[in-house]
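Residue numbers (my numbering), protein chains in the order written: chain A, 16 to 129; chain B, -17 to 97. Even glycine gets a Cβ: it sits at the ideal position worked out from N, Cα and C.
Spelled out as structure tokens, the structure:
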């Protein structure tokens, strides 16, 4: 079946604007993760949703970042008042039933803040 | 806090040569270790995990708790092995040995295998 999909694939925005990044997990996967891939920082965890449990937001770098997951499926990562240091590839992953299962990654959204 | 270190950002070898990508972790408890690979213009994907103790595409990795290492090895590198490799870590928590969801990644190593 289809893998994890993300949209848009590329996003260029001006500093100070808000952006929304979307992730469609694999059908039936209850766990969803957001990571950020940047040149200086490597791959960093941002946030983790597992079923109806409260999300683990421990990786969000500032309060400008937020994410939600509606109906246990699609997730949106929102970055408010974007800064140049937010430029990165944002990766989404999903897995079955959370922790012990393989995480499958999407193709990523490349965000460029000018 | 747990941390994963991959000391080499770039690694170049010739086809047929042995290759070892180094990974060290810092964590006082029980870890679950992984290697992920990203080929050019492809998605990040799981290569292998230490609990499987298997060889994938000729690669193996052994968890050494004494040295807190999980180095990735292949005896004879191939050109198609050229990619970005990430070592990653999950905490194992609870009496049931459940591993906690988020992955902590190293900085990654770009492997180039020359013909």
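- Contact annotation: residue 65 of chain B and residue 27 of chain B have beta-carbon atoms that are not nearer than 7 Å.
- Residue 28 of chain A sits close to residue 34 of chain A, with the two beta carbons spaced by under 7 Å.
- Exposure of residue -9 of chain B is indicated by the presence of fewer than 16 other C-beta atoms within 10 angstroms of its C-beta.
- Cβ atoms of residue 105 of chain A and residue 36 of chain A come within 8 Å of each other, at about 5 Å.
- The stretch 76 to 84 of chain A makes no contact with the stretch -9 to 0 of chain B, as fewer than three CB pairs between them are under 8 Å.
- Listed along the chain, the chain B residues whose CB falls inside 7 Å of the CB of residue 87 of chain A amount to none; the nearest CB is some 15 Å away.
- Within chain A, not a single residue places a beta-carbon under 7 Å from that of residue 48 of chain B; the smallest gap is close to 25 Å.
- In this structure, the CA atom of residue 95 of chain A is about 41 Å from the CA atom of residue 95 of chain B.
- In summary, residue -17 of chain B is exposed, with fewer than 16 beta-carbon neighbours lying within 10 Å of its beta-carbon over all protein chains present.
- Not one beta carbon of chain A lies nearer than 7 Å to the beta carbon of residue -16 of chain B.
- Distance from residue 92 of chain A to residue 49 of chain A at the Cβ level is roughly 5 Å; contact confirmed, criterion being Cβ atoms closer than 8 Å.
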